[in-house]
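Working notes, beginning with the structure itself.
Residue numbers (the working numbering): 1 to 554.
In structure tokens, the structure reads:
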């Protein structure tokens with residue numbers, strides 16, 4: 001019995017009390033009841049405070065309502081005990097036969113087990129990474145690559161129609177500095193004081209010269225434009241390839257420059273004019289963002305007629321909404337924290353709802369440690385640690401898992417020695433090893449000719465305490481996946497997988513799955529093989545949500 005099924009049982013019990021005249025609620029019986037795992041294991045399998053929630057509304061003492069509810073629940077075949085605690089809490093124990101059915105539900109669902117319709121019918125635009133094409137993706141961008149891709153998987157798993165989008169910053173001062181740095185390298189000069197360094201600059205400059213032998217000797221303006229075009233194309237192709245190798249691909253690559261060349265900026269300003277949100281002062285045009293929580297109004301068009309930086313944000317947001325997206329999620333680095341209020345104010349100025357139509361997620365810094373010391377330099381990228389550096393050190397799976405394992409609002413220190421190790425201290429190894437071990441058990445069963453299909457499965461035989469713990473872990477996966485999507489917290493899936501792997505290892509240590517020696521194959525063996533198969537499926541589903549492989553052998 002899953003928490004969702006138990007909720008339905010409690011709703012039915014409440015409806016019965018209402019039909020019998022023992023419960024009267026002004027708003028009627030709720031359609032869902034929240035059940036949770038109690039903090040103290042001895043209190044039962046699940047607990048609910050529904051009697052406390054409804055007692056006052058019904059004009060009843062919560063404990064009396066809980067007592068009536070416990071009596072009705074106790075008659076259900078799937079509930080072995082319903083006990084009242086404190087002022088009206090209900091502690092519930094699920095019958096082994098009902099709990100064991102979770103394994104059956106998992107196998108029937110397969111790769112879809114855990115899916116929900118939380119965001120069904122909603123179009124979501126998820127923008128992440130969006131690193132400037134002026135150098136390799138640094139470690140902060142790598143964190144968003146792992147977290148963003150996992151969040152996209154979670155939102156899709158929750159029913160959303162997700163578009164992954166990369167905002168290609170090919171307009172502005174940073175690109176100018178990048179082009180001038182390439183030209184300086186091609187001419188054998190030092191990088192400009194505000195330019196970019198690193199071996200990759202010399203490599204790209206050499207490639208441009210190989211393709212255009214006279215590039216460095218062109219007049220400065222013409223040369224800068226050539227190195228800009230060629231350098232940006234090459235850098236962006238490399239960024240795409242690096243992300244693809246990391247398991248991250250985008251549906252849309254949106255060029256910032258297009259906003260300015262297509263007239264989208266002017267259209268956005270005109271829309272805000274129509275809404276009465278713009279005004280003129282000191283020769284500039286301003287947006288009334290302070291009306292919507294920003295600390296001050298923002299200049300959109302400067303007094304010299306040039307568009308301010310926020311103008312591109314206005315045009316880009318409006319473009320997304322006009323493309324039909326209900327929700328626009330943007331993932332930003334910690335250095336953009338001051339950017340949040342103006343963006344949400346911009347959303348409100350368009351008549352939309354901040355936090356719904358536009359949501360900004362801020363990710364904190366990542367530090368890499370080796371031998372206990374921080375890494376700060378990359379041979380190729382110069383002053384930053386890049387995606388390639390991390391993958392070379394610990395591999396794609398460990399990198400993705402490690403970066404998605406922590407809440408994005410916390411700074412993390414990744415010990416490369418730990419994450420490269422093949423020990424149970426390495427969280428990704430621990431989870432992947434559990435999947436490999438589960439797969440090995442199933443292979444061994446097949447070699448022994450043991451059939452364990454659902455047609456021969458007796459869920460009531462899974463009555464050992466450790467079997468119950470593992471089944472309840474499997475039952476909670478749908479809720480974990482839904483909450484991770486709702487709260488934008490992929491790390492919940494990683495931590496869940498580690499708890500489930502621990503529950504499996506504890507089960508396997510005391511519950512013999514395969515017969516030994518001349519021992520006959522029993523229905524208990526077959527039931528436990530179904531449980532093993534279901535656990536393997538859930539672990540695989542969870543790893544897939546993180547974009548991490550589920551190896552069958554290690």
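Backbone N, C-alpha and C define an ideal beta-carbon position, used for all residues, glycine too. Here the structure is a predicted model, which means the values were calculated and not measured.
Selection from the options that minimises the alpha carbon distance to residue i
i, options, result
"residue 455", "107, 52 and 287", "107"
"residue 255", "224, 315, 197 and 214", "315"
"residue 45", "408, 1 and 216", "1"
"residue 243", "145, 185 and 176", "145"
"residue 534", "459, 492 and 479", "459"
"residue 531", "500, 519, 162 and 552", "500"
"residue 430", "237, 386 and 502", "502"
"residue 449", "465, 463, 472 and 514", "514"
"residue 272", "351, 547, 126 and 251", "351"
"residue 160", "118, 467 and 198", "118"
"residue 525", "540, 463 and 538", "463"
"residue 73", "487, 393 and 10", "10"
"residue 451", "522, 217, 186 and 83", "522"
"residue 371", "419, 446, 356 and 262", "419"
"residue 24", "551, 35 and 65", "65"
"residue 426", "442, 154, 443 and 394", "394"
"residue 507", "103, 466 and 472", "466"
"residue 421", "313, 398 and 248", "398"
"residue 149", "54, 248 and 77", "248"
"residue 469", "28, 30, 15 and 103", "103"
"residue 158", "323, 487 and 134", "487"
"residue 196", "174, 300 and 435", "174"
Inter-residue Cα distance where the pair is residue i and residue j
i, j, result
"residue 504", "residue 293", "49 Å"
"residue 246", "residue 229", "26 Å"
"residue 411", "residue 307", "35 Å"
"residue 438", "residue 527", "14 Å"
"residue 124", "residue 510", "46 Å"
"residue 121", "residue 542", "23 Å"
"residue 136", "residue 266", "33 Å"
"residue 188", "residue 547", "43 Å"
"residue 236", "residue 176", "15 Å"
"residue 345", "residue 276", "14 Å"
"residue 222", "residue 416", "45 Å"
"residue 7", "residue 390", "44 Å"
"residue 250", "residue 69", "51 Å"
"residue 357", "residue 317", "10 Å"
"residue 529", "residue 497", "20 Å"
"residue 257", "residue 147", "27 Å"
"residue 217", "residue 186", "9 Å"
"residue 340", "residue 13", "47 Å"
"residue 538", "residue 239", "33 Å"
"residue 142", "residue 386", "8 Å"
"residue 262", "residue 313", "14 Å"
"residue 512", "residue 82", "31 Å"
"residue 198", "residue 191", "10 Å"
Which residues DSSP lists as bridging residue i, in chain order
i, result
"residue 138", "386"
"residue 424", "In the DSSP output, where bridge partners are listed per residue, residue 424 has none listed."
"residue 123", "161"
"residue 374", "369"
"residue 363", "333"
"residue 48", "90"
"residue 479", "According to DSSP, residue 479 bridges with nothing at all."
"residue 328", "125 and 358"
"residue 255", "168"
"residue 278", "287"
"residue 36", "47"
"residue 463", "Partner(s): none; residue 463 has no beta bridge."
Sequence-distant residues of its chain with Cβ nearer than 6 Å to residue i (five each side left out)
i, result
"residue 414", "368 and 402"
"residue 50", "33"
"residue 130", "166 and 167"
"residue 98", "1 and 78"
"residue 128", "144, 148 and 331"
Cβ of residue i within 8 Å of any chain B Cβ
i, result
"residue 13", "The structure shown has no chain B; it contains just one protein chain."
Neighbourhood of residue i by C-beta distance below 7 Å, restricted to the same chain and skipping five residues each side
i, result
"residue 298", "286, 287, 289, 310 and 342"
"residue 433", "554"
Nonlocal neighbours in the same chain, by C-beta distance under 8 Å from residue i, ignoring five residues either side
i, result
"residue 35", "3, 6, 7, 10, 46, 47, 48 and 92"
"residue 303", "282, 283 and 284"
heavy atom of the ligand MN below 7 Å from residue i C-beta
i, result
"residue 406", "Ligands displayed in this structure: none; no statement on the ligand MN is therefore possible."
Would you check if the segment 274-291 and the segment 319-335 touch, i.e. whether three or more CB-CB distances between them fall below 8 Å?
no
Do the segment 216-229 and the segment 166-184 make contact, defined as three or more Cβ pairs closer than 8 Å?
yes
Is there contact between the segment 152-171 and the segment 199-212, where contact requires at least three CB pairs shorter than 8 Å?
no
Below 8 Å, can you find three or more Cβ-Cβ pairs linking the segment 92-104 to the segment 29-49?
yes
Pairing CB atoms from the segment 392-409 with CB atoms from the segment 491-499, are three or more of them under 8 Å?
yes
Touch check for the segment 469-488 and the segment 101-118: three-plus C-beta pairs under 8 Å?
yes
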